[in-house]
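> Numbering (the working numbering), first residue to last: 317 to 602.
#1: Considering Cα atoms alone, identify which of 389, 503, 380, 477 is closest to residue 413.
#2: Return the first residue and the last residue of the beta strand (DSSP E) that residue 525 is part of.
#3: Whose C-beta lies closer than 7 angstroms to the C-beta of residue 394 among residues of the same chain, with five residues either side of it excluded?
#4: Only counting the same chain, and skipping five residues up and downstream in sequence, which positions put a Cβ closer than 6 angstroms to that of residue 370?
#5: Can you give the Cα-Cα distance for residue 493 and residue 361, rounded to whole angstroms?
#6: Cβ-heavy atom distance between residue 386 and the ligand ATP below 8 angstroms?
#7: List the residues that DSSP assigns as beta-bridge partners of residue 369.
#8: Less than 9 angstroms between the C-beta atoms of residue 486 and residue 468, yes or no?
#9: With 16 other CB atoms within 10 Å as the buried threshold, where does residue 499 fall?
#10: For residue 372, does the count of other Cβ atoms within 10 angstroms reach 16, so buried, or fall short, so exposed?
#11: If you draw a straight line from the alpha carbon of residue 483 to that of residue 366, how long is it in whole angstroms?
#12: So, is residue 389 buried or exposed, given that buried needs 16 or more other C-beta atoms within 10 angstroms?
#13: For residue 439, which option in 410, 461, 431, 455 has the closest C-alpha, if you only look at C-alpha atoms?
#14: Which word fits residue 422, buried or exposed, when buried means at least 16 other C-beta atoms lie within 10 angstroms of its C-beta?
#15: Just the Cα atoms here: how many angstroms apart are residue 342 and residue 451?
#16: What would DSSP say about residue 407, mapped onto helix, strand or coil?
#17: Would you mind reading off the limits of the alpha helix (DSSP H) that contains residue 424?
#18: State the CB to CB distance for the pair residue 533 and residue 489, rounded to an integer number of angstroms; the pair is presumed to be in contact (CB under 8 angstroms).
#19: Could you tell me if residue 471 is buried or exposed, where buried requires 16 or more neighbouring beta carbons within 10 angstroms of its beta carbon?
#20: Considering only DSSP beta bridges, list what residue 440 is partnered with.
#21: Below 9 angstroms between beta carbons: does that hold for residue 464 and residue 495?
Right, here's the structure in full:
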């Protein structure tokens with residue numbers, strides 16, 4: 317008994333302070349855990365989107381005045397519904413891809429992409445809205461491992477695997493070429509196909525890129541006429557052009573104009589037509 321009493325006295329004077337310290341430490345840890353749990357319930361992680369689009373030039377189908385209201389409304393609706401992105405807050409930062417002339421610029425857009433990356437470290441990029449600016453920005457986003465979503469990358473080059481982080485939500489010229497091929501295949505138009513278009517190298521060259529998509533199919537032959545913007549003068553040039561290519565010239569016959577390709581895409585300022593060529597004795601069957 318004296319030994320037991322001495323042990324209790326020793327524990328009281330030496331162990332009690334240690335026990336008190338342990339209780340305080342565990343109490344602080346429990347409080348910290350509780351605070352962290354509360355913060356997790358109230359804190360929202362910011363998901364930042366970087367938007368690069370033409371700010372004022374509505375000649376571009378995907379300019380900010382056209383799709384900006386949809387982007388803003390989508391973000392507002394997502395943030396208002398906690399079941400869509402729980403504990404997350406969606407936000408965006410916008411940069412203009414236009415140069416001083418109002419054109420969607422391949423030099424301005426990548427600079428804006430770098431600025432947005434350094435300033436906000438976005439989770440994804442929306443845009444740019446044209447092919448020439450989408451190419452350099454797409455190379456940057458691939459290097460950064462950041463998704464890029466755009467409807468303004470219709471050129472064939474965007475489908476060759478060079479831009480694995482790009483998602484194209486718009487129409488593409490390659491799909492348009494496939495559609496034209498199916499039309500010709502369906503109606504049995506198996507002669508030669510000529511495409512006539514005009515090309516303005518100071519803009520986004522929609523006619524050139526459309527022809528490029530159609531040329532993905534080996535049966536297409538195209539003639540480039542840069543100075544003819546109206547169809548009637550263009551038709552006057554066609555016979556003399558084909559006399560140099562086919563012999564005898566009497567076998568050349570323009571049998572049918574299928575459709576204006578750009579009416580499919582919504583562009584009406586470009587002279588782009590498919591002309592089916594065949595011999596006179598075959599034209600009635602087309």
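A virtual CB, placed ideally from N, CA and C, is assigned to each residue, including glycine.
For clarity, every value in this text was computed on a predicted model and none was experimentally measured.
Let me lay it out:
#1: That would be 380, whose Cα lies nearest to the Cα of residue 413.
#2: Not the beta strand (DSSP E): residue 525 falls in the alpha helix (DSSP H), residues 522-530.
#3: 400, 401, 406, listed in sequence order.
#4: Counting only Cβ-Cβ distances below 6 angstroms, and skipping sequence neighbours, we find 376, 379, 413, 414, 420, 445.
#5: C-alpha separation (whole angstroms): 44 angstroms.
#6: The ligand ATP is not among the ligands present in this structure, which contains no ligands whatsoever.
#7: Residue 369 is bridged to 412.
#8: Yes; because the gap between Cβ atoms is below 9 angstroms, this pair is in contact.
#9: Per the 10 Å Cβ criterion, exposed.
#10: By the C-beta density criterion, residue 372 is exposed, having fewer than 16 other C-beta atoms within 10 angstroms.
#11: Those two C-alpha atoms are separated by around 15 angstroms.
#12: Answer is exposed; the Cβ neighbour count stays below 16.
#13: The option with the nearest alpha carbon to residue 439 is 461.
#14: Buried, because 16 or more other Cβ atoms sit within 10 Å of the Cβ of residue 422.
#15: Annotation note: pLDDT 42 at residue 342 (below 50); position unreliable, no value reported.
#16: Three-state DSSP puts residue 407 in a strand.
#17: 424-436 is the extent of the alpha helix (DSSP H) around residue 424.
#18: Residue 533 to residue 489, Cβ: 12 angstroms. No contact.
#19: Its Cβ being crowded by 16 or more others within 10 Å, residue 471 is buried.
#20: Answer is 365, bridged to residue 440.
#21: With a cutoff of 9 angstroms on beta-carbon distance, residue 464 and residue 495 are scored as not near each other.
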